[in-house]
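Each protein sequence line maps, in turn, to chains Z and V.
Okay, so the first sequence: first residue is 1 according to our numbering, each after it adds one.
Okay, so the second sequence: first residue is 312 according to our numbering, each after it adds one.
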Amino acid sequence: MRDCPRRTFLKTLALGGAALKLGPFAWDVLAAASGPALSIAHYRSSPKEPDGIAEESQRLTREAIAGLGGMQRFVNRGDIVWVKPNIGWNRRPEQAATTNPDVVATIVALCYQAGAKRVIVSDNSCNPAVTSFARSGIQEAAQKAGADCFVMDDRKFKSTKLNGKVLPAWDVYADALGANKFINVPIAKHHGLCKATLGIKNLMGVVGGERNRFHQDLGNTLVDLAAFFRPNLVVLDGVRVLTANGPTGGNLADVQRRDTVVAGVDQVAVDSFGTTLLGLKPQDINYIVEASNRKLGTMDYESLKPRRAEL
Amino acid sequence: MAKKHISWPVWLRRASQTAFMLLFLYLFIQAAYHPINRLGGRVTLFFDLDPLAFLSAWMASHQIATSMLLALITLGATIIFGRWFCGWVCPAGTLHNLMTAWRKSSAKARLTVGGYTKWQKSKYYLLGGLLVAALLGLNLVGWFDPFSFFYRSTAIVLYPTANDGIKSLFTWIYQADPGVGKARLTVVTEPIYEVLRRHVLAASQPHFYGTFLIALIFFAILLLNFYRARFWCRYICPLGALLGVAAKNPIVRLQRNDEICNDCRLCVTDCQGGANPDIAEGWKPSECFYCWNCHESCPHHAVTFRVDVPGAKGFKAPFQWLRNFFGSPRPMQLDLKRRSLLVSGAAGIGAALLVRTSAMGEGREFNPALIRPPGAVGEDEFLAKCIRCGECMKVCPTNAIHPAMTEGGMAGLWTPVLKMRIGYCDYECTLCSQACPTHAIQKLMVEEKQKVRIGTAFFDRNRCLPYASARSCIVCEEHCPTPKKAIWFQEVQVMTPDGSFTTVKQPRLNPDLCIGCGICETKCPISDERGVRITSVGETRNPRNQIFLPDAYSGYGGGQN
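Take a look at the structure:
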């Protein structure tokens, strides 16, 4: 409790209490609340492709999660863990439209080390799922690390009460709700409509239905999801970020190295820090502002005294 | 009736038919996305073996797809050994065989079902008409080619329905979750479904336009097997006709032992091809599938096959065999009427001329809905090569490719068109060009394909939400896959119904960058008539179906990147 002043502690308690009423992973949010809330790992150099960047991604991920107290803080023996990277697009890892496969594989390995029974990696892709899972490199990397990584089974989207502001109910992937733990693993990217796609936007991949209607009110729809899901852990991939023509990208000139991985239990704080990787401010992103207004977390990530590791 | 002893040639034939049917189905399943951007095998194998597809595409387009040279093996083997292909290999034939054998009826009835009729010559006239038309550039072989027929029916009708049926069954169990206590049925069914889902079922349920017509024709043809044994193979199949012409005088011949035969005609009852096994010196090699049923049904085994090789009884010298191929003895001739041949040829010429003078003919009219897959050659050459098999429709991972109804005129029936409301052309995918057996869709590398324009997007400002309803949306821009997005937007202040102002992002198109992939149309939230739609104009393959000056690439001061 060294870094956890009383006010923050009470805040997290209240937050956990609210989560207890709402989200499926809420109990674990409470349990994991005791400890640092945000951890940022950064590489001073930018090692080149492909081996250098693989090693870098693995080390950054380990370091960021270690900064929070290690994976055992979030994953218990026998847990079924749902890992949700961004596998939205039929793009190669270096195009930075999908989460770095080495970040995902490292998280899978850490989950197993912490005693997880089963780790499932999946996403509801925008491009054809089979192609996106293959070309993003995530399927191969996750399976090598021992995870079950296969495209979603469309029978398993079940209408679920979200009790949100604009989404009273929506189709949610039942197996994701059936897991004990939920780890959100987004990549930081430019987005035409909402300027940046980060962790909260990444939650769109656990729901089905006509998601293209969310865009008429992205601020509220996304925060409805964030209020419902409340991931146990968010690991933001900022090794390569896509700075323009997102979220699909495709032009390597739009990809820049930030050599950063952020881990946190406060999804609003992780996203708020994530905006800086794209040269933005948290206030620029309507869903971050909305999530902060709804007290889902803090936009002022510095107040959480993030652990920083420079490698 | 005592259990019939079945001799080894029949078992061998059945094994061969089963093996090729399974191979066909295996290759059908493998015609899908495999990592990364590959097919799961030589999915065009049966078309490569098809001399009719080869011949017609060659005659119509004057080009040869080298992979199809395998068809010459089929043709050569048929000239020497006879029409085994139909009885032992062809999966469509196997299906008709099964349907014919399915119906149990009296020997007397089967005498009619199995017997030869003069109408069996109709397939040769059909073949003649098709080839004459092909010579004039109109290739309609795909309507009748047995592999096209079977593949198309499987891809558009059988596979989607089977896929849906299996999925629905498992979904029903999954949702009802029947069981006692902790023993749930899903403990058994879900692992089974998981295996099916990963290896057999479609990645997502396919839905096609025009399923009804294809289903109707498919099942009508299946039912005709009750009227005559293997009706399709005997009366319609132009590939069978081509092989029949080749099999005029094979070295494997039916031999009737006149000393044993008592003219009971039982050999006819199960004859698949209607080859007259019962008539002395009347066997028709062009109609015989070598199914061995005549040998099987003869109580005295008076009918059998022998091979006409040096040393065999009654061997005729090779030159005699060759001479017989051109001037065979009377019963072995096809016996086609010159007048009927002329009529079928004239019909072929007429059809070709009719198509050229139709509205769609010779590029007089460009149908906005005639959007061909990327790599499709110019329309005339495309129609000359496409055999309407449906391989591209099966492999498309987004279910974008559908059998055309009227989009390409009558001559374009069942050729592939993209329907962006169902699916779109994935930016990183070239599966259809890999799967096309006749190269009507040219093989393309991904980088080449990404530069091919199949149409152009247009916004409908009366429907598009930021224009028509003062709502934000821009899903089209989000999904646009070109490295520099072809869809851009302008932030505009618009008035809402209550009189206040709000800022929305209104999408615009940069036609220099748009390749017409159609993901914007697919993903547009206006579910019926989309706010952005693709039309065929601007397609790379057609220099006449264009909008802009040829140098419009620099029109906005930026080229395609």
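Note that CB positions come from ideal geometry on N, CA and C, so glycine has one too.
Considering only beta carbons, the part of the stretch 775-790 of chain V lying closer than 8 Å to chain Z consists of L776, R782, S783, C784, I785, V786, E788, E789 and H790, in chain order. At least one CB atom of chain Z sits nearer than 8 Å to the CB of S515/V. A343, Y344, H345, P346, I347 and N348: these are the residues of the stretch 334-353 of chain V whose beta carbon lies less than 9 Å from some beta carbon of chain Z, given in chain order.
Under DSSP, K161/Z forms a beta bridge with A169/Z. Taking the C-beta atoms as reference points, V235/Z is found no nearer than 8 Å to N124/Z.
DSSP, reduced to helix, strand and coil, places G672/V within a helical segment of the structure shown. In this structure E607/V does not touch V400/V by the C-beta definition: roughly 20 Å separates them, more than the 8 Å allowed.
For F481/V and S464/V, the gap between their C-alpha atoms comes out near 25 Å. Against N245/Z, the close residues of chain V are P794, K795 and K796, in the order they occur along the chain (beta-carbon pairs closer than 8 Å). Annotation for A109/Z: no beta strand (DSSP E) segment contains it, though the alpha helix (DSSP H) segment containing it runs P101 to Q113. Setting aside the 5 residues that flank it on each side, W603/V is surrounded in the same chain by S318, P320, V321, R324 and F616, each with a C-beta closer than 8 Å to its C-beta; the list follows chain order. Under the Cβ distance rule, D737/V counts among the residues neighbouring chain Z, one pair being separated by less than 8 Å. In this structure, the alpha-carbon of Y601/V lies about 12 Å from that of W594/V. In this structure, the beta-carbon distance from F455/V to L554/V does not fall below 8 Å.
Within the stretch 573-602 of chain V, complete alpha helix (DSSP H) segments of at least 4 residues are found at 577-580, given in chain order. In the DSSP annotation of this structure, the continuous segment of the alpha helix (DSSP H) that includes K760/V starts and ends at V757 to K760.
Taking the Cα of G453/V as reference, the smallest distance to any Cα among R772/V, L755/V, F693/V and E832/V is reached at F693/V.
DSSP lists F800/V as the bridge partner or partners of P818/V. At the C-beta level, G842/V and C736/V stay beyond 8 Å of one another.
Between F358/V and F458/V a beta carbon distance of about 6 Å is seen, short of the 8 Å cut, so the two are scored as contacting. Here the stretch 366-378 of chain V does not lie against the stretch 563-577 of chain V, with fewer than 3 beta-carbon pairs under 8 Å apart. Residue range I80 to P85 is occupied by the beta strand (DSSP E) that includes W82/Z. A residue is called buried when at least 16 other Cβ atoms come within 10 angstroms of its Cβ; I765/V meets this threshold and is buried. Around the beta carbon of P231/Z, 16 or more other beta carbons lie within 10 angstroms, which makes this residue buried. The beta carbon of Q283/Z sits closer than 8 Å to those of V289 and M299, all from its chain and outside the five residues before and after it, given in chain order. Interface annotation, T741/V: not in contact with chain Z, CB-CB separation never under 8 Å. Within the stretch 742-795 of chain V, the runs of beta strand (DSSP E) that reach at least 3 residues and sit entirely inside it are, in chain order, 767-770. About 7 Å separates the CB atoms of I830/V and C791/V; that is less than 8 Å, so the two are in contact.
Interface flag for T248/Z against chain V is set, since a Cβ pair is found closer than 8 Å.
Taking every protein chain shown into account, the CB of G719/V has 16 or more other CB atoms within 10 angstroms, so this residue is buried.
Closer than 8 Å at the C-beta level to chain Z, one finds these residues of the stretch 471-484 of chain V: K478, F481 and T482. For the pair Y435/V and K648/V, the Cα-to-Cα distance works out to about 10 Å. Taking 8 Å as the CB threshold, R118/Z stays off the interface with chain V. With respect to L496/V, I484/V sits close: the two C-beta atoms are nearer than 8 Å. Counting C-beta pairs closer than 8 Å gives three or more between the stretch 406-413 of chain V and the stretch 541-553 of chain V, which meets the contact rule.
Here Q801/V is exposed: its Cβ has fewer than 16 other Cβ atoms, across all protein chains shown, within 10 Å.
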